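Chemist:
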Amino acid sequence: MRDPITGLLFVLPMLVLFLVFRFVPSLGAGAMSLTDMSLGGEWNFIGAENYARLFDDPKFWDSLWITLLYVAIYVPLTVVAALATALLLNAVVFMRGFFRGMLFLPYVTSFVMAGVIWRWIYEFDGLINGLLGKLDVGPIGFLEDSALVLPALAVVSVWKGFGYSMLILLAGLKAIPASYLEAATVDGAGPWQRFRRITLPLLKPALFFVLVIETIGAFQTFDTIYVMTGGGPARASYTLIYGLYDQGFKFSNLGYAATFGVVLFALVLVVSLIQRRLLDRGNA
Amino acid sequence: MTLTATRPATTKAKPSAKPRRKPFRWPLWVLLALVSAITVSPFVVMFVVALSPPGSPTLPVQWPESLSLKTITDLLSASGFLGWTVNTVIYSVVSVVIILLTASMAGYAFAKKRFPGRDAMMWAFLATFMVPFQATLIPMFVLVSQLGGVDTFWGLIVPTLANSQAVFLMRQFIRDLPDELFEAAKVDGASEWRIYWQIVLPLTKPILATLGVFVFLWHWNDFLWPLVMAQSDEVRTLTVGLASLRTEGAPLAHLMGSAALSVLPCLLVFALLQRYLVNSISMTGLK
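In C-alpha cells:
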C-alpha cells in the first residue's frame, strides 16, 4: 500500500526515539572521545589526545588484556556447558521438560542477584569454603586470588546465562532428522562418530550463532564484576567496561571514558567481522 | 539490553518419521538430574539463608533448625526496599507498555506501508544492533543530563525505549499477515488508526505477549543504566539497591532476603510462562 504519510506517522515515535537515543549517542561517542569533557559539562576539543593517553596508559592495556582473558575463559566454558546440557536433554525423555526448566531458570534472573549469591558462595566464610572446611581443606580465596578471580566470575556468568544458548542448541539438535542418525547407526557408526560426523556439522549454524552472541556478551560483562569484586583484587578483574565506568562516573573524565567506549565498539565489530568471515568460509 | 545477531534457521525441522521411543538411558538421566540440581542449588541456599531465623546457626555451618519470615518482614517494613520495588515496577511496566505500542506501530509501517526512506530506515535500525549499549553509555548520560533527566523517571525510562529487537520482531510477524485483511478494512472505510487498533493489535497478541515478557525481564533485571541514572532512593531500582546493600556490607540475611524478594517476580513469570519463553527463544532467538 502506497501511503507515505501514514507510514511515516506510524514510524515516527520510534524513529524519534532512535534518532535521539541511539544515533546521536553513537555519533556522540566518537565526538566525545575527541574532547576533555568532565562531569560538569565543560569541554575543549583536544583532537586525538585521549587516544594517545589511552595507548600510553598501562592500565588500559591491562584492562584490555583482562577483558580478552575473561572472554577466552568464559566463551568456551559457556558453549561447552550449553552443548553438554543440550545433548543430555536431547538424549533423555523422562522428565525432560522439568530438567529443561531447572537449567533455564537462572536465565530469567538478574546478574546482580547472581553476583550477590555467588559472592557469598565464594567467600572465606561462605558456602564452598564452609563445605571444604568440614573436609579440613582450604579455605580458598576465589575472589581474593588474582589467578582465580576471572574463572570464578566466568562461572557465575555461565551459570546465569548458559540456559539461553542451551535452548538454541537444543532447537538445532531437534532439527537434525533422526533418519540420518539411524542410517549412520545401521552403517556401523558408534556414538562418537555419529556426534562427530553428523550432529556436529549439522549443528554448526546454531553453534556459530551461540558463539557470536556469547562472545559479544562476554565483552560487555559488568554487573557481576561491580557487585562481586569492584575490579579487584589488585585490578585482576578490571575490564574495559569497568574502566569505562570508573573513568566516567568515579573520576568524572567523560571524554576519556567515551574513548574506552569507542575501543569496545571497535573490538566487538572486529570480532563480529572475523566470525562472519569464518562462517562465510565454512559455508563456501 | 543486549545485542543480537541474525538467527540461523535451524528450527524449521523437516517432519521426519516419528522417531522410535528412545530407550531409557539411566546414566544420562542421573547425570542430567545432578546437573539440574547443581544449577538450582544457588537459589535453594539463597532462600534457606533468607528464611533462617536471625541469630541462629545456618548455612554453611548447618541447615537451620527452623525457618522464619522475620528477615523478610523486616525488609518489607523498612522503607527502602518497598520504594525500590515500586520504582522497578514503574520502570518495567511503563517500558513494556510504550515499547509494545511504538514497536508494533513501527513494525506495522515497515511491514505493510510503503514510504520514502523505509528500507534505509529499517537498515539503520538494524545497524544499531552492532553498537554495544555500553559504548554509548557516556554520551547517553551526557545527553540525558543536558536535558535535565538525571534522577527522574523519564530520564530512566525514555532512552531504553529505542529497542531495535522489538521493532524487527514486530515487523517480521506483521509481514506474514495477509494484505487482504487491511485492504478489506480500508474498503469498509476504517481509518488507519482504527485498522492498527482493531486489526493489527488483536492479531499480534501472541507476539506482543512474548515481547512483553522479554521487555519486562530486561528492565526488571537491568543494572548499568539505572545505576548511572537513578542516583537517589526516589528513582533507584531493585538491582541498584541490591548492589548498594552488597557494597555497603549489609548483613548476609538481609542481602539474601533482598535478593530473594527481588527475584520473585522473575520466578513467577517463569513459573507461569516457561513454555512461552522457551518456545520464543527456540523460534526467534530473542534474547
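Chains A and B, in that order, are what the protein sequence lines are.
Note that the working numbering numbers the first sequence so that position 150 is 150, with each residue one more than the last.
Note that the working numbering numbers the second sequence so that position 278 is 1278, with each residue one more than the last.
Ideal placement from N, C-alpha and C gives every residue a C-beta, glycine not left out.
Computed from a prediction, not measured in an experiment: that's the story for all the values here.
(1) Entirely within the stretch 1093 to 1138 of chain B and at least 4 residues each: give me those alpha helix (DSSP H) ranges in chain order.
(2) Pairing CB atoms from the stretch 1178 to 1194 of chain B with CB atoms from the stretch 1273 to 1286 of chain B, are three or more of them under 8 Å?
(3) Please list, in chain order, the chain A residues whose beta carbon lies closer than 8 Å to that of residue 1287 of chain B.
(4) What separation, rounded to the nearest whole angstrom, lies between the Cα atoms of residue 1055 of chain B and residue 1081 of chain B?
(5) Are residue 1222 of chain B and residue 1239 of chain B closer than 9 Å when you measure CB to CB?
(6) Does the beta carbon of residue 125 of chain A come closer than 9 Å to any beta carbon on chain B?
(7) Comparing C-alpha positions only, which one of B:1139, B:1178, B:1161 and B:1261 sits nearest to residue 1047 of chain B?
(8) Starting from residue 1065 of chain B and walking both ways along the alpha helix (DSSP H), at which residues does that stretch end?
(9) By alpha-carbon positions, which one of A:220, A:233, A:229 and A:150 ends up nearest to residue 271 of chain A?
(10) Could you check whether the Cβ of residue 1262 of chain B sits closer than 9 Å to any Cβ belonging to chain A?
(11) Quick check on residue 1065 of chain B - is its C-beta less than 9 Å from some C-beta in chain A?
(12) Which residues does DSSP list as the beta-bridge partners of residue 35 of chain A?
(13) For chain B, is any of its Cβ atoms less than 9 Å away from the one on residue 265 of chain A?
(14) Using beta carbons (cut-off 9 Å, strictly below), is residue 284 of chain A in contact with chain B?
(15) Please report whether the beta-carbon of residue 361 of chain A lies at a distance below 9 Å from any beta-carbon of chain B.
(16) Quick one, are the C-beta atoms of residue 224 of chain A and residue 157 of chain A less than 9 Å apart?
(17) Which word fits residue 252 of chain A, buried or exposed, when buried means at least 16 other C-beta atoms lie within 10 angstroms of its C-beta?
(18) Quick one: grab the DSSP three-state call for residue 1163 of chain B.
(19) Just to make sure I have the definition right: I need the residues of chain B whose C-beta is within less than 8 Å of the C-beta of residue 252 of chain A. Which are they?
(20) Do you know how far the Cα of residue 142 of chain A is from the Cα of residue 124 of chain A?
(21) In the DSSP assignment, the alpha helix (DSSP H) including residue 95 of chain A goes from what residue to what residue?
(22) Using a Cβ cut-off of 9 Å, pull out every chain A residue sitting near residue 1121 of chain B, in sequence order please.
(23) Tell me which residues of the stretch 102 to 125 of chain A have at least one Cβ-Cβ distance to chain B shorter than 8 Å, keeping chain order.
(24) Does the beta carbon of residue 54 of chain A fall short of 8 Å from some heavy atom of the ligand PLP?
(25) For the alpha helix (DSSP H) holding residue 1183 of chain B, just list the boundary residues, first then last.
(26) If we ignore side chains and look at the alpha-carbon of each, how far apart do residue 1255 of chain B and residue 115 of chain A end up?
(27) Excluding five sequence neighbours on each side, which residues of the same chain lie with their C-beta closer than 8 Å to the C-beta of residue 1179 of chain B?
(28) Less than 9 Å separating the beta-carbons of residue 1259 of chain B and residue 117 of chain A?
(29) Consider the Cβ of residue 5 of chain A: report whether some Cβ of chain B lies at a distance smaller than 9 Å.
(30) Contact defined as beta carbons within less than 8 Å: I believe residue 30 of chain A pairs with residue 263 of chain A. What is the distance between those atoms, to the nearest angstrom?
(31) Near residue 67 of chain A, which residues of its chain fall below 7 Å by C-beta distance, leaving aside the five closest residues on each side in sequence?
(32) Beta-carbon of residue 157 of chain A versus every beta-carbon of chain B: anything under 9 Å?
(33) Output yes if chain A places a C-beta closer than 9 Å to the C-beta of residue 1283 of chain B; else output no.
(34) Output yes if chain B places a C-beta closer than 9 Å to the C-beta of residue 34 of chain A; else output no.
(35) Going by DSSP, name the residue or residues bridged to residue 1087 of chain B.
Modeler: Short version:
(1) Scanning the stretch 1093 to 1138 of chain B for uninterrupted alpha helix (DSSP H) segments of 4 residues or longer gives 1118 to 1127, listed from N- to C-terminal end.
(2) No: fewer than three Cβ pairs fall under 8 Å.
(3) To locate residue 1287 of chain B, count along the second sequence from 1; it is residue 287. Going along chain A in sequence order, the residues near residue 1287 of chain B (Cβ under 8 Å) are 164 and 213.
(4) As a first step, residue 1055 of chain B is located in the second sequence; it is residue number 55 there, counting from the start. As a first step, residue 1081 of chain B is located in the second sequence; it is residue number 81 there, counting from the start. A straight line joining the alpha-carbon of residue 1055 of chain B with that of residue 1081 of chain B spans about 22 Å.
(5) Numbered from 1 along the second sequence, position 222 holds the residue referred to as residue 1222 of chain B. Numbered from 1 along the second sequence, position 239 holds the residue referred to as residue 1239 of chain B. Yes.
(6) Mapped onto the first sequence, residue 125 of chain A falls at position 125. Chain B contact via Cβ: present.
(7) Looking up residue 1047 of chain B in the second sequence gives position 47. Cα-wise, what sits closest to residue 1047 of chain B is B:1261.
(8) Counting from 1 along the second sequence, the entry for residue 1065 of chain B is found at position 65. Judged by DSSP secondary structure, residue 1065 of chain B falls outside any alpha helix (DSSP H); it is assigned neither H nor E.
(9) Translated into the one-based positions of the first sequence, residue 271 of chain A becomes position 271. Nearest of A:220, A:233, A:229 and A:150 to residue 271 of chain A, Cα basis: A:220.
(10) Reading the second sequence from its first residue, position 262 is the one you call residue 1262 of chain B. Interface residue (Cβ-Cβ distance to chain A less than 9 Å): residue 1262 of chain B is classified as such.
(11) As a position in the second sequence, residue 1065 of chain B is number 65, starting the count at 1. No, residue 1065 of chain B lies away from the interface with chain A (no Cβ there is under 9 Å from its Cβ).
(12) Here residue 35 of chain A refers to the residue found at position 35 of the first sequence. Bridge partners of residue 35 of chain A: A:45.
(13) Position 265 of the first sequence, counted from the first residue, corresponds to residue 265 of chain A. Chain B contact via Cβ: present.
(14) In the first sequence, counting from the first residue as 1, residue 284 of chain A sits at position 284. With a pLDDT of 46 at residue 284 of chain A, under the threshold of 50, the modelled position of that residue is not reliable, and the figure given next carries that caveat. So, not an interface residue.
(15) There is no way to answer for residue 361 of chain A, as the model of chain A reaches only from 1 to 284.
(16) Here residue 224 of chain A refers to the residue found at position 224 when the first sequence is read from its first residue. Here residue 157 of chain A refers to the residue found at position 157 when the first sequence is read from its first residue. Yes. Within cutoff.
(17) Within the first sequence, the letter at position 252 stands for residue 252 of chain A. So residue 252 of chain A counts as exposed.
(18) For the purposes of this step, residue 1163 of chain B is taken as residue 163 along the second sequence, with counting starting at 1. Coil at residue 1163 of chain B, not helix or strand.
(19) The residue labelled residue 252 of chain A in the question sits at position 252 within the first sequence. Per Cβ cutoff of 8 Å: no residues; residue 252 of chain A is ~11 Å from chain B at best.
(20) Residue mapping note: residue 124 of chain A aligns to position 124 of the first sequence, counting from 1. Residue mapping note: residue 142 of chain A aligns to position 142 of the first sequence, counting from 1. Rounded to the nearest whole angstrom, the C-alpha separation of residue 124 of chain A and residue 142 of chain A is 8 Å.
(21) Locating residue 95 of chain A in the first sequence gives position 95, where the first residue counts as 1. DSSP places residue 95 of chain A in no alpha helix (DSSP H); its state is neither H nor E.
(22) Here residue 1121 of chain B is taken as the residue at index 121 of the second sequence, counted from 1. Ordered by position in chain A, the residues that pass the 9 Å Cβ test against residue 1121 of chain B are 11, 15 and 18.
(23) Here the close residues are 102, 103, 104, 105, 106, 108, 109, 110, 111, 112, 113, 114, 115, 116, 117, 118, 119, 120, 121 and 125.
(24) Of ligands this structure carries none, so the ligand PLP is not represented either.
(25) Numbered from its first residue, the second sequence carries residue 1183 of chain B at position 183. Looking at the DSSP string, the run of the alpha helix (DSSP H) that includes residue 1183 of chain B is 1179 to 1187.
(26) To locate residue 1255 of chain B, count along the second sequence from 1; it is residue 255. To locate residue 115 of chain A, count along the first sequence from 1; it is residue 115. Each residue's Cα considered, the two are about 11 Å apart.
(27) Along the second sequence, read from residue 1 onward, the residue named residue 1179 of chain B stands at position 179. Answer for residue 1179 of chain B: 1112, listed in chain order.
(28) For the purposes of this step, residue 1259 of chain B is taken as the residue at position 259 of the second sequence. For the purposes of this step, residue 117 of chain A is taken as the residue at position 117 of the first sequence. Judged by beta-carbon spacing, residue 117 of chain A lies within the 9 Å limit of residue 1259 of chain B, meaning their Cβ atoms are closer than that value.
(29) Here the question's residue 5 of chain A lines up with position 5 in the first sequence. At least one chain B Cβ lies under 9 Å of residue 5 of chain A.
(30) Locating residue 30 of chain A in the first sequence gives position 30, counting from the first residue. Locating residue 263 of chain A in the first sequence gives position 263, counting from the first residue. Going by Cβ atoms, the distance from residue 30 of chain A to residue 263 of chain A rounds to 11 Å, so no, they are not a contact pair.
(31) Start at 1 with the first residue of the first sequence, and residue 67 of chain A comes out as number 67. Excluding sequence neighbours, residue 67 of chain A sits near 219, 239 and 240.
(32) Position 157 of the first sequence, counted from the first residue, corresponds to residue 157 of chain A. Judged by the 9 Å Cβ criterion, residue 157 of chain A is not in contact with chain B.
(33) Within the second sequence, numbered from 1, the residue matching residue 1283 of chain B stands at position 283. For residue 1283 of chain B, the answer is yes, since a Cβ of chain A falls inside 9 Å of its Cβ.
(34) Position 34 of the first sequence, counted from the first residue, corresponds to residue 34 of chain A. Output row for residue 34 of chain A: interface = no.
(35) For the purposes of this step, residue 1087 of chain B is identified with residue 87 of the second sequence, where counting begins at 1. Partner(s): none; residue 1087 of chain B has no beta bridge.
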